[in-house]
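*Asks:* Numbering (the UniProt record's numbering), first residue to last: 1 to 127.
Pasting in a structure now, in structure tokens, and then I'll have a few things to ask.
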Amino acid sequence: MSLLNEYMKKEQLLKQLRDELQQLEQDQRLKGELEFKEKLEQLMQSHDKTAADVIELLNPDSEQSTARQPSSSESQGAGRRKRKLKVYRNPHTGDVVETRGGNQKTLKAWKEEYGNDTVEQWLERTE
1 MSLLNEYMKK EQLLKQLRDE LQQLEQDQRL KGELEFKEKL EQLMQSHDKT AADVIELLNP
61 DSEQSTARQP SSSESQGAGR RKRKLKVYRN PHTGDVVETR GGNQKTLKAW KEEYGNDTVE
121 QWLERTE
């Protein structure tokens, strides 16, 4: 694609995004949400509270209690370590597979169709 064509497409996309943004700015629901957010931030600031403080106050069972309780594998002593999450993206279809083991149905089908080495090159990230 020529540089001029690319520029014109980007310019058209920018115009489309500006139009969508302008429509959002006219939406009363967005105005209400922005007003709520602003008032909430002012209230938090006046009471010297952070977002985490507010979340903990509204939902005390969320982060704190789960952080204190050991997981079932930890409470059993020496258990297996959790496998790393692997994320694969098929460049032909754009499909994404997230798996912690090699026994995932779609991943097996890809390896059968394209070969193990090829599919392993599709690995995007490991967590």
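Backbone N, C-alpha and C fix where the C-beta goes; we use that ideal spot for every residue, glycine too.
No experiment lies behind these values; they were computed from the predicted model shown.
L21 by DSSP, collapsed to three states: which one?
*Replies:* Correct three-state label for L21: helix.
*Asks:* How is the beta strand (DSSP E) around N89 delimited, first residue to last?
*Replies:* It is Arg, not Asn, that sits at residue 89 in the sequence shown. Run containing R89: K86 to R89, per the beta strand (DSSP E) assignment.
*Asks:* Could you have a look at T93 and say whether DSSP puts it in helix, strand or coil?
*Replies:* Coil, per DSSP.
*Asks:* Using a Cβ-Cβ distance under 8 Å, would G32 count as near chain D?
*Replies:* The question asks about chain D, but that chain is absent: this structure has only one protein chain.
*Asks:* Excluding the 5 residues flanking D95 on each side, which residues of the same chain have their C-beta closer than 6 Å to its C-beta?
*Replies:* So no residue of the chain qualifies.
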